[in-house]
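Report on the following structure.
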Amino acid sequence: MHPDKRQPTAAWIGELRQRFPTEREIDRVLTRKLQRRAGPGFKPLALDTLVDGVRALLDAELSTPYELREARWLSGGASKLQMAFTLEWQHPQDGLSCTAMVLRMEPSESIVETSRKREFQLIRAMAGIVPVPPVYWCDSEGEYLPYPALIYGYVPGVTKPSAAASGVSGLGTQLPAALRKQLAPQFVAHLAKIHTTDFTGRGLDAFEIPAVGSTQCAEWGLNWWERVWEEDSDEDVPLMRLAAAWLRAHLPVLDRAVIVHSDYRLGNFLFTEPDAQISAWLDWELGRIGDRHQDLAWTTSRAFGSLAEDGTTFLTSGLLPEAEFIAGYEQATGLTVNPQTLHWYKVYNAYMMATLTLATGYRAARGGKTHQDVLVTWLIGIGPMLLDEMRSLIEQGS
Amino acid sequence: MQMRPQIQLQAVIKALGDVVLPAIDPDNRLALEQGKLAIGLLTLLAQQLSVQFAFDCDELARLIATSRELANAAQGGAGTQAAVAALDEATLAAGRTLDAARSSPADVEAAVRAMRAATGALVTEVHRDGDAASQAAVQTAVLAMSKQQLLRERSMLLMQGWEPDPKAVPPLADLRAR
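Residue numbers (our numbering), protein chains in the order written: chain D, 11 to 408; chain S, 25 to 202.
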């Protein structure tokens, strides 16, 4: 008997939760997604609705007068709605200030279902370590806004050169060689800082810490994405079944628990064009405490890279060859890279991306659940390339 | 493959209705009218897509039945006789086509989905309780099938621009012939 994924029953949700144990906060947001699935699709929201929601949140958070103005929509990103605005307020440290801010809010169901609470905590924890936007407030349950949201400071910069061509979500961006030379060292250095930061005492209580010396980290991750595949997929893919079995049979042991960004790539950082300095790392929503190899494998995915001018050299994240990237990382961190663990996480990441695009993207668009179903549908098309990368990796690893 | 016309049409219609149409200058009557007509035609297309094959088969059956009636009824000179002969020939060809069209595109899609699900379930189960040799054999077969199928899916979607090296993906017409 196949479950009706459009109208999940409590029994089916309970069965999935039992079959795929993972971190509590991940379980909470996935369960919430299924419980809401049979509800209405996403209806376009007026800007005023969001402004009213932000005001309600600010009324609860601020004890001094403020003025919200210049609210406007921001484009970019496949998963969340974004509104820019200016807040004139009493900043706790700086006094009376005019601060450019961004509201980042979930749609009814997203191509990637994540926790605003985790994203908020992680960005706050990384302040002063790598460039991140300042985060101010979080409406983790959608108490004030139509859906869960967070508010962070606007950071100047671009995700690609103003004149560059690229696909959606920053994929396929081609950077000039001179710019690559300036950005690549920062790209490596920032990842090294993220992975060598002591995460204890940084207010990350929405995260659980996997046991070092065990396979728990990899197992939590696999359970997360295998559960999402079960929840969201429409057409079955035998290769996805094979990949899940392969991943479970080869779970790597965690040698060191670190903060993992989980979407570390070109397109997810801002840089200022005049001096080519990275001004902010964005999109921390998939972040976890886990295995550094997950990030290393992610950045080297073919989906996020491009060929250099010679037409043959594949550039990790469009910035530098993989061997250079790995060597630079090892030098900056003093940590070694285990090729077998790296390989496992390459398969894992391809499995996760295929799940997001082929399963969740389809399910969200079919239910009319997002503010840009057309973009989410467009992204389904990357699925076969991701699957083929995963197929090739499993072949190499067998 | 998951990227099928129905989901594409649904998403395009929603984007046009929710985002594009409301953003058109209200004084641009031509753009507004054409925007609404574009949504209307796409909505019609979405409805038509799943029934078009059955609709055409139904018409073909009616044309075949009527042609026999017409052949009996039509009496006349050389021109009429030639037309009757041509209609007979067309009717025979149409009958062969209709006989061959017993499975619709929807039937084929449903069979693909059923086969994918059954194959996937086998892969899962053999990795749960099968022996190492059969797991290895299943893996080899699934990887080989996936390689061929994914190459075709990537070719089908080549215009989207996902491939880092598009020249490495052959045109779909060449792959279908293999």
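Think of the CB as a built atom: it goes at the ideal place given N, C-alpha and C, for glycine as much as any other residue.
C-beta contact flag for residue i and residue j at 8 Å
i: L78/D; j: E241/D; result: no
i: E116/D; j: P158/D; result: yes
i: W294/D; j: E129/D; result: yes
i: L182/S; j: P394/D; result: no
i: L214/D; j: D149/D; result: no
i: I121/D; j: L366/D; result: yes
i: R302/D; j: V268/D; result: yes
i: S158/S; j: V150/S; result: yes
i: L252/D; j: A307/D; result: no
i: L201/D; j: D265/D; result: no
i: A360/D; j: E399/D; result: yes
i: S70/D; j: Q131/D; result: Per the sequence presented here, residue 70/D reads as Ala, with Ser not at that position. No, Cβ-Cβ distance for A70/D and Q131/D is not below 8 Å.
i: S74/S; j: A130/S; result: yes
i: Q100/D; j: T74/D; result: yes
i: R401/D; j: L296/D; result: no
i: L280/D; j: T169/D; result: yes
i: A369/D; j: V238/D; result: yes
i: G167/D; j: S289/D; result: yes
i: V193/S; j: V384/D; result: no
i: L60/D; j: L113/D; result: yes
i: I48/S; j: G59/S; result: yes
i: T343/D; j: T206/D; result: yes
Supposed close pair residue i, residue j - CB separation, criterion 8 Å
i: E245/D; j: R137/S; result: 6 Å
i: G163/D; j: P141/D; result: That belief does not hold up - the Cβ atoms of G163/D and P141/D are roughly 12 Å apart, past 8 Å.
i: G378/D; j: K38/S; result: 6 Å
i: V357/D; j: L257/D; result: 6 Å
i: G51/D; j: V198/D; result: Incorrect: roughly 42 Å between the Cβ atoms, too far for contact.
i: P188/S; j: S316/D; result: 6 Å
i: E319/D; j: A187/D; result: 7 Å
Pick from the options that is closest to residue i, judged by C-alpha positions
i: P29/S; options: T121/S, D51/S and T67/S; result: T67/S
i: G144/S; options: E133/S, A70/S and V166/S; result: V166/S
i: A20/D; options: V222/D, K43/D, P31/D and I36/D; result: K43/D
i: I161/D; options: Q92/D, A228/D, F335/D and V168/D; result: Q92/D
i: R152/S; options: A254/D, T326/D, F30/D and L280/D; result: A254/D
i: H260/D; options: R34/D, W83/D and G407/D; result: G407/D
i: L193/D; options: P171/D, W235/D, P349/D and T207/D; result: P171/D
i: W291/D; options: G138/D, A187/D and N348/D; result: G138/D
i: T17/D; options: G49/D, T32/D, E33/D and G328/D; result: The identity of residue 17/D in the sequence shown is Gln, whereas the question assumes Thr. It is G49/D.
i: I36/D; options: A360/D, R298/D, Q184/D and K53/D; result: R298/D
i: G152/D; options: A173/D, M136/D, R126/D and V112/D; result: R126/D
i: Q196/D; options: Y146/D, L106/D and L276/D; result: L276/D
i: R92/S; options: G100/S, D80/S and G119/S; result: G119/S
i: A333/D; options: R29/D, V247/D, T310/D and L185/D; result: T310/D
i: V212/S; options: N96/S, V43/S, F77/S and V36/S; result: Shown here, chain S extends from 25 to 202; a query on residue 212/S therefore has no answer.
i: D273/D; options: S327/D, R46/D and A228/D; result: S327/D
i: Q32/S; options: S89/D, R29/D, G371/D and P54/D; result: G371/D
i: D208/D; options: A135/D, P262/D and A342/D; result: A135/D
i: E283/D; options: F30/D, L389/D, L189/D and A110/D; result: L189/D
i: C227/D; options: T210/D, W354/D and Q184/D; result: W354/D
i: E123/D; options: G24/D, L155/D and W234/D; result: W234/D
i: P262/D; options: F314/D, A221/D, A286/D and F95/D; result: A221/D
Neighbouring residues, chain C, relative to residue i (Cβ below 7 Å)
i: D398/D; result: The question asks about chain C, but that chain is absent: this structure's protein chains are D and S.
Delimiting residues of the beta strand (DSSP E) encompassing residue i
i: G300/D; result: R298 to G300
i: E218/D; result: That residue, E218/D, is in no beta strand (DSSP E); it is neither H nor E in DSSP.
i: Y162/D; result: A159 to G163
i: L325/D; result: F324 to T326
i: I269/D; result: V268 to V270
Limits of the alpha helix (DSSP H) - the one that residue i falls within
i: T104/S; result: A102 to A124
i: E283/D; result: It is not in any alpha helix (DSSP H) - E283/D carries neither H nor E in the DSSP assignment.
i: W83/D; result: W83/D -> not in any alpha helix (DSSP H); beta strand (DSSP E) instead, spanning E77 to L84.
i: H151/S; result: P129 to D153
i: W186/S; result: No alpha helix (DSSP H) holds W186/S; DSSP gives it neither H nor E.
i: V168/D; result: That residue, V168/D, is in no alpha helix (DSSP H); it is neither H nor E in DSSP.
i: Q406/D; result: G393 to G407
i: K191/D; result: A187 to T206
i: M362/D; result: P349 to A364
i: E71/D; result: L57 to E71
i: P262/D; result: Neither: P262/D is in no alpha helix (DSSP H) and is coded neither H nor E.
i: P31/D; result: That residue, P31/D, is in no alpha helix (DSSP H); it is neither H nor E in DSSP.
i: M169/S; result: A156 to M180
i: R231/D; result: Per the sequence shown, the amino acid found at residue 231/D is Gly instead of Arg. Here the alpha helix (DSSP H) through G231/D covers Q226 to D242.
i: Q388/D; result: Checking the sequence shown, residue 388/D turns out to be Trp, not Gln. Per DSSP, W388/D belongs to the alpha helix (DSSP H) from D383 to I390.
i: L33/S; result: P29 to A39
i: T343/D; result: E332 to T343
Query raised in the report: Could you give the uninterrupted runs of the alpha helix (DSSP H) lying entirely in the stretch 102-150 of chain D, keeping only those of 4 residues or more?
Result: 126-136
Query raised in the report: For the stretch 74-99 of chain S, which segments carrying the alpha helix (DSSP H) assignment without a break, of at least 4 residues, lie completely within its bounds, in sequence order?
Result: 76-97
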